[in-house]
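K.L.:
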Amino acid sequence: MGAGGVRPGDFTRGTETTAGRFSITRFGGSTTSRTSTVSVLTTVTRIAGNNPRRVSITVYNRGVNNVDVDYVSSVTAGAGIPLTGASGVLQSTIEDDGEAVIQELYAIATTATSSVFVVEVMRV
Numbered sequence: 000m001g002a003g004g005v006r007p008g009d010f011t012r013g014t015e016t017t018a019g020r021f022s023i024t025r026f027g028g029s030t031t032s033r034t035s036t037v038s039v040l041t042t043v044t045r046i047a048g049n050n051p052r053r054v055s056i057t058v059y060n061r062g063v064n065n066v067d068v069d070y071v072s073s074v075t076a077g078a079g080i081p082l083t084g085a086s087g088v089l090q091s092t093i094e095d096d097g098e099a100v101i102q103e104l105y106a107i108a109t110t111a112t113s114s115v116f117v118v119e120v121m122r123v
């Protein structure tokens with residue numbers, strides 16, 4: 000057994016966890032998360048696809064260059080939601096942003112390729 004009696008392969012979901020009970024109450028069912036790292040080019044790059052089950056998405060700019068994000072593929076440098084280099088964060092939740100949270104997200108780096116880390120939380 001690992002720390003606290005939990006083995007590395009153990010996975011608990013649903014009403015057996017505090018987060019699970021919260022998700023069921025708030026979102027009508029259990030949730031799961033998915034992460035990805037995307038290289039954002041100086042041309043439009045899709046960083047997240049349309050996902051009708053998504054309840055939140057967070058994008059962290061890990062690169063040193065600025066990145067602009069938008070819900071449309073016509074995003075241009077300096078015209079989207081700005082994520083400053085090495086610290087910019089975009090967070091969208093279903094409670095705050097409604098159906099915008101399920102839409103595709105596109106990004107463009109302003110001067111050179113930049114890496115973003117994407118965390119999606121979805122209903123299962």
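Going by numbering that gives the first Met the number 0, 46 is the number at position 47 of the sequence shown; the sequence numbering is gapless. Using N, Cα and C, we set each Cβ at its ideal position, and we do this for glycine too.
1. With distances taken between CB atoms, is the gap from I56 to V117 smaller than 8 angstroms?
2. I need the boundaries of the alpha helix (DSSP H) containing I93, first residue and last residue.
3. So A106 is in the beta strand (DSSP E); what residue range does that whole segment cover?
4. Nearest-angstrom Cα distance between R25 and A76?
5. Write down the C-beta distance between S72 and V43 rounded to the nearest angstrom, noting that I regard them as a contact closer than 8 angstroms.
6. Could you give the distance in angstroms between the alpha-carbon of S35 and the alpha-carbon of E119?
7. From the DSSP secondary-structure annotation, give me the bridge partner or partners of T34.
8. Looking only at its chain, what residues have a beta carbon closer than 7 angstroms to the beta carbon of T31, apart from the 5 residues adjacent to it on each side?
9. Within 10 Å of its beta-carbon, does R53 have 16 or more other beta-carbons around it, so buried, or fewer, so exposed?
P.N.:
In short:
1. Along the sequence shown, read from residue 1 onward, the residue named residue 56 stands at position 57. Along the sequence shown, read from residue 1 onward, the residue named residue 117 stands at position 118. The answer is yes: Cβ separation under 8 angstroms.
2. The residue given as residue 93 occupies position 94 in the sequence shown. Its alpha helix (DSSP H) spans residues I93 to D96.
3. Within the sequence shown, the letter at position 107 stands for residue 106. Residue range L104 to A108 is occupied by the beta strand (DSSP E) that includes A106.
4. Position 26 of the sequence shown, counted from the first residue, corresponds to residue 25. Position 77 of the sequence shown, counted from the first residue, corresponds to residue 76. Between the C-alpha atoms of R25 and A76 there is a straight-line separation of about 36 angstroms.
5. For this step, residue 72 is matched to residue 73 along the sequence shown. For this step, residue 43 is matched to residue 44 along the sequence shown. Contact check for S72 and V43: beta-carbon distance about 6 angstroms, within the 8 angstroms limit, so the pair qualifies.
6. Locating residue 35 in the sequence shown gives position 36, where the first residue counts as 1. Locating residue 119 in the sequence shown gives position 120, where the first residue counts as 1. S35 and E119 have their C-alpha atoms spaced approximately 9 angstroms apart.
7. Indexing the sequence shown from 1 puts residue 34 at position 35. Bridge partners of T34 according to DSSP: V118.
8. Taking the first residue of the sequence shown as 1, we reach residue 31 at position 32. Contacts found: M121 and V123.
9. Translated into positions along the sequence shown, residue 53 becomes position 54. R53 counts as buried, since no fewer than 16 other beta carbons sit within 10 angstroms of its beta carbon.
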